[in-house]
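Below is one structure, written out as structure tokens, with a few remarks after it.
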DNA sequence: GTCAAACGATAACATTTGTTACCGAATTGA
DNA sequence: TCAATTCGGTAACAAATGTTATCGTTTGAC
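Protein chains in written order, with our numbering: chain W, 1 to 204; chain R, 205 to 408.
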């Protein structure tokens, strides 16, 4: 594809990191990586709309995305994704059901996408390799834990504590993402997030 | 073991349901099921304490359990489990890390437990079978989705809506579980749950 | 450069939810 | 059976959070 020729260096830079985790032949590796296509999109591009069925998974070379849903007319941001992450509306992509979420760019983005058919075939093939299927299971498991932890923070922490955690663990997120997205991500109103910031600014 | 002889019918009744999902020889099946041991415990028995490392997974024949953690001195219930469910402090059991949760019976329970070593060996063996590893992946995936959905309900719904969902989808839970456990499970105080019930009782 | 839209801060007020305290019923254990 | 504990309801008040409105700044499109 022309996209592949447009920036072969970028693709290999990104996928290179995963090369040693794929104990497959160079030919297979070529085949797999060749299934990705590069696109560049402006900010606020909707890659997948709530209710549609996801056919693509994305790898983020540059930029950031958010996953959100419509709750009684207001947008609630559910998750953020940054460079080197793979993103899809996971439940829609896996099961072919209408997506519960929209997938939208926050900044201008450079993305690599791969079609579901290719992913399915790839997974089928590599899960014959014991070390690969352990990796896949671990990845799935870690994602489960991530949701569990995230949920836990909602049950355990106050909004202010959640914001402070974000500050400590993901300061880049605060820098790059508009505040009203962060507010809904934390489960509070924009106004209340302002109050919390104000409170923290003055000596706590 | 004597436990196995104590109630062979119960074990087969419970595991029988899974027999057709295990395309293994009768000998293997015998080996696997023989690794379970039956115990009976009173209500309020702590099967695993927060901070300990989980070595056992449980299958519930009769009764119900809750998973909870200590949050600044108060107990927060995170999940409930009923008959025919398998339970463990999943992250501790899988990774050998100190458990984030305690595991406690709510009612007098009849349980079957299996040691982690046996589970590991079992998983190792059966994941050679393609249909089995698909099942395992699906189970893991479904659990991820479950956490996602549960989390979603916290972000999207009001406490009253969450209670109504519980009423509609898991009415038996409301019947069997003490109300103050349910309150913390819903993320609200006991008093507030009382208010909600009162409000619903009078014509909404 | 200009205008409109997006973004964030703040204030005033309303609503939700938590806290504490008290009561009575149900359950449990000796 | 009795006393102690657990459990759930309610009221009064406090704290947290939402809602609406206003304002100034920044950003982006043309």
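Cβ coordinates follow ideal geometry from the N, Cα and C atoms, glycine included. As the structure is a prediction and not an experimental result, all values here were calculated from the model.
Along chain R, which residues have their Cβ under 8 Å away from the Cβ of residue i?
i	result
residue 147(W)	348, 351, 352 and 355
State buried or exposed for residue i, treating a residue as buried only when at least 16 other CB atoms are found within 10 Å of its CB.
i	result
residue 229(R)	exposed
residue 318(R)	buried
residue 236(R)	buried
residue 270(R)	buried
residue 172(W)	exposed
residue 46(W)	exposed
residue 201(W)	exposed
residue 330(R)	buried
residue 267(R)	buried
residue 89(W)	buried
residue 328(R)	exposed
residue 332(R)	exposed
residue 91(W)	buried
residue 13(W)	exposed
residue 395(R)	exposed
residue 264(R)	buried
Just the chain R side, please: which residues come within less than 9 Å of residue i by C-beta, in chain order?
i	result
residue 156(W)	273, 275, 276 and 280
residue 51(W)	By Cβ distance, chain R contributes nothing, its closest Cβ being about 15 Å from residue 51(W), past 9 Å.
How would you list, in chain order, the residues of chain W whose beta-carbon sits under 8 Å from the beta-carbon of residue i?
i	result
residue 345(R)	94 and 140
residue 295(R)	145 and 148
Suppose you measure from the CA of residue i to the CA of residue j; what does that come to, to the nearest Å?
i	j	result
residue 220(R)	residue 154(W)	39 Å
residue 360(R)	residue 353(R)	10 Å
residue 74(W)	residue 234(R)	55 Å
residue 168(W)	residue 289(R)	38 Å
residue 22(W)	residue 351(R)	29 Å
residue 349(R)	residue 94(W)	11 Å
residue 136(W)	residue 335(R)	16 Å
residue 35(W)	residue 44(W)	26 Å
residue 370(R)	residue 76(W)	23 Å
residue 379(R)	residue 401(R)	13 Å
residue 195(W)	residue 181(W)	16 Å
residue 273(R)	residue 382(R)	17 Å
residue 338(R)	residue 58(W)	23 Å
residue 152(W)	residue 231(R)	42 Å
List, in order along the chain, the chain R residues whose C-beta lies closer than 7 Å to that of residue i?
i	result
residue 127(W)	337
Kindly list, in the order they appear in chain W, the residues whose Cβ is closer than 7 Å to that of residue i.
i	result
residue 267(R)	The premise fails here: residue 267(R) is roughly 24 Å from chain W at the closest Cβ pair, so nothing lies under 7 Å.
Output, in chain order, the set of chain W residues within a Cβ distance shorter than 9 Å of residue i.
i	result
residue 391(R)	154 and 155
State the CB to CB distance for the pair residue i and residue j, rounded to an integer number of angstroms; the pair is presumed to be in contact (CB under 8 Å).
i	j	result
residue 276(R)	residue 320(R)	With a Cβ gap of about 31 Å, residue 276(R) and residue 320(R) do not count as contacting.
residue 307(R)	residue 291(R)	7 Å
residue 112(W)	residue 19(W)	Not really, about 15 Å apart at Cβ, beyond 8 Å.
Quick one: any contact between the segment 243-256 of chain R and the segment 294-303 of chain R, if contact means 3 or more CB pairs under 8 Å? The segment 243-256 of chain R is in contact with the segment 294-303 of chain R.
Taking contact to mean 3 or more Cβ pairs, one atom from each stretch, closer than 8 Å, check whether the segment 103-118 of chain W and the segment 351-368 of chain R are in contact. The segment 103-118 of chain W is not in contact with the segment 351-368 of chain R.
Would you call the segment 332-351 of chain R and the segment 281-292 of chain R touching, i.e. three or more CB-CB distances under 8 Å? Counting Cβ pairs under 8 Å, fewer than three are found: no touch.
Specify whether the segment 181-198 of chain W and the segment 375-393 of chain R touch according to this definition: at least 3 beta carbon pairs, one from each stretch, less than 8 Å apart. Not touching, per the Cβ criterion.
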